[in-house]
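For the sequence shown, counting from 1, position 628 maps to 628 in this note's numbering; every step adds exactly one. Every residue, glycine too, gets a C-beta built ideally from N, C-alpha and C. Everything below concerns the one structure shown next.
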Amino acid sequence: MFRVPERKWVFAGLVLTGILFVYLAFSTEVPAGGADNYAHFNIARWAFRYPHLFLDHWGKPLYTILAAPFAQFGFVVVRIMNSFLGLLTAWYIWKFARLLGFNNSWFAVVVAVYTPIYFAMMSSSMTEILFSLILAISIYSFFKEKYILSAILISFIFMVRTEGLAFLLLFFLGFLNRKQYKAIPLLATGFIFFSIVGWLCYYHDIFWLISQRPYATGGTTIYGRGTWYHYFATMPNYYGVVIRALLFIGTVSMLFVWLKEKERLTGAMFFQVLLVLGTFWGYFFSHAYLWWKGETSAGLQRVMAAVSPLIGIIALNGINICTKLISRYKLAQFIISVVLSVVLIINALQFYQRQLSYDKTANLKKEVTKWLIDSGSLKYKLVMHDPYYAFSTGLDAWDTEVIQYGFSNNNKLQENLADSTIFIWDAHFSANEGRMPYEKIIKNPNVEVIKVFAPEKPFIASADNHYHVIIFRVLKNTNSDNEFIIKEMEKKQRGEGVYRNYKYDFEKAFNDSLIEERRITKKDSSGYAFNLYGLEFSPNFAVNIDELDLSGKNSFYLSADFLNNDTIEENQLLLIFSIEKNWKSLYYQTHDIGKQIEKNGIWQETEFNFVMPQDLKTGSTIKMYVWNIGKYNVLMDNFKLEISKQIND
């Protein structure tokens, strides 16, 4: 019977997968990588006009050199380029599996491509995919005994991702073990080449690769920190349950075989343990450590895509060892591989779809971009921290007369900037990387608020900041009361669309016995207030969704006055916005009241705004109330609710 060589149908499978990725690039948003996608694209897109960008350390020179020609044709083409690099990586993983003599070597291709996080990252413009390609070819070349090629290739890997520097030690040990002494000096090729090029062409510093490191500072103040087991705990999400099982089975199997070898430092399995397990787990544990210590790691799951294709080789080791028990039943081995492949492909597609919904900022950023264009703001210089806006507006991302990333001096924003310069502040990049928190920018005397953008469904960006974008105009010594301006903007928008009002002022007698029992006279005898002391829940507003005008977005504006006589711990006095149906919670959001009121014996007004999700079922009930978890000594008055249809200006 005629049999199609495995090489041909593996190639055909990769071609079909490539067609899928072309479709995804044109039809979907970028699924992973966030704003860094646009930062890398902006560097590659304009590198020919600004050649120093080819040596931008953060952008990773080798990636920029490769991506720059493709970037001239647009962001989609760069995504397709990355997809091709991922498929090429899978091809070399298959060649490596064949070289090692595995049965069902094609399964390594499925694992390489359809590991969830890798599948998503292949449709991005991030560096992880090129990193994985260089690693795969370098290891394959080593096992093919092309040691010179292997050494030269791996020497450049740190110019794609800095972590690759650690791999040079593993390859050094491999060359030393095999007595390939000529290859060892070539491990410095990439470092020497780019050191000289950067010295001659731009930095004029032979040690620029060290002195210009973009991650030399930062630490926990920007990136935060987490548990040492963070990447273990989240592995089922970014790799999937099946891949995780194959990874651990394969790792244990490889170590078991290696420890059984008589020649542990020269046997066949030793070099797989050194260069496959060593690079994978070395990379994994280095990121786990950095995130635990809070040093130049943001705990991002996407970074694990950089080494995930190696799981194809690790998994085959485990599968081949385990299936020796049924070695006479080759059909059974094949069927097991096919079933696992189907599961992996389905998981990867589902993960991709989930990733598209994770970027909660996407729609809001498009609104901001549209406003910038429609309002004529692009005729002024733009200052920003989020690189997305340089990409989305189509402006020259590196023309300093048009765009500036951050301020030269955060304490003197107006320095070297003309009046009417536009500053796009966002609660993520500006508040963290830009070191410009909301509390600092809102009180700056040299800026004035001109527009506020908030998402339909509020969410935390970082450090308890609800994500929003504020457009400021830089005006020297304007001394604008920006908090008042924002409140007036919100009030105007609200007032034009308000169609329902509710209020608890506690002045009149209530039929509710609890309210009557808790109504007390204020000290200044100006009226009544509600006493929350020792009580867990306040009176609530309950609104049936069927009573609302659902033809547009509904905004719920809540305000209340509080007199605080206690020390309130974080998240122990909350305002609750809850949507329920048949006692089942459909949506739930909180605001920490304690952060807004001080223990000073003075009545303080608080304001909160919620936007109702538009995908709710009829018959749902919207409830709003104060949850006094700590049962603090707090008085409440003028508890008001206004429901309005949002008005777009």
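For Leu417, the secondary structure class from DSSP, reduced to helix, strand or coil, is coil. Distance from the CA of Ile442 to the CA of Ile486, rounded to the nearest whole angstrom, comes to 10 angstroms. Unbroken beta strand (DSSP E) stretches of 3 residues or longer found wholly inside the segment 297-359: none.
Taking C-beta atoms as the reference points, Ala35 and Tyr388 count as a pair closer than 8 angstroms. Under the three-state reduction of DSSP, Val402 is assigned to coil, being neither helix nor strand. According to the DSSP assignment, Lys293 belongs to no beta strand (DSSP E) but to the alpha helix (DSSP H) extending over Gly278 to Lys293. Secondary structure of Ile629 (DSSP, three-state): coil. Contact annotation, Ser195 with Leu173: C-beta distance approximately 24 angstroms; criterion of less than 8 angstroms not satisfied.
Fewer than three pairs of CB atoms, one per stretch, sit closer than 8 angstroms, so the segment 50-68 makes no contact with the segment 404-418. Contact check between the segment 304-318 and the segment 229-245: three or more CB pairs, one atom from each, fall below 8 angstroms, which counts as touching. In this structure, Thr618 keeps its C-beta atom at 8 angstroms or more from the C-beta atom of Glu580. A direct Cα-Cα distance of roughly 21 angstroms separates Ser513 from Tyr632.
The Cβ atoms of Gly18 and Leu87 lie closer than 8 angstroms to each other. For the options Phe156, Leu558 and Pro51, the alpha carbon positioned closest to that of Leu130 is the one of Phe156. Between Val109 and Ala136, the CB-CB gap reaches or exceeds 8 angstroms.
Val4 carries a coil assignment under DSSP once its states are collapsed to helix, strand and coil. Per DSSP, reduced to three states, the secondary structure at Gln212 is coil, with no helix or strand assignment. By the 16-neighbour rule on beta-carbons within 10 angstroms, His52 is exposed.
Straight-line measurement puts the Cα of Asp637 at about 6 angstroms from the Cα of Phe562.
With the rule of 3 Cβ pairs closer than 8 angstroms, the segment 157-171 does not count as touching the segment 68-82.
If you check the CB distance, Leu259 and Gly318 do not come in under 8 angstroms.
Residue burial annotation: Trp583 is exposed, with fewer than 16 other C-beta atoms found within 10 angstroms of its C-beta. Within the segment 91-159, not a single complete beta strand (DSSP E) segment reaches 3 residues in length.
Apart from the 5 residues on each side of it in sequence, Tyr588 sits with its Cβ closer than 6 angstroms to the Cβ of Ser578 in its chain, given in chain order. In this structure, the beta-carbon distance from Val447 to Arg473 falls below 8 angstroms.
Cβ-Cβ distances below 6 angstroms link Phe610 to Phe556 and Phe577 in the same chain, with the five nearest sequence neighbours on each side left out; the list follows chain order.
Taking the Cα positions, Lys381 is about 28 angstroms away from Lys492. DSSP places Val30 in no alpha helix (DSSP H); its state is neither H nor E. Under the Cβ criterion (8 angstroms, minimum of three pairs), the segment 332-348 does not count as touching the segment 21-32. Between the alpha carbons of Gly164 and Val307 lies a gap of roughly 10 angstroms. In the DSSP assignment, Asn501 forms a beta bridge with Glu642.
Among the bridge pairs identified by DSSP, His466 is matched with Ile460.
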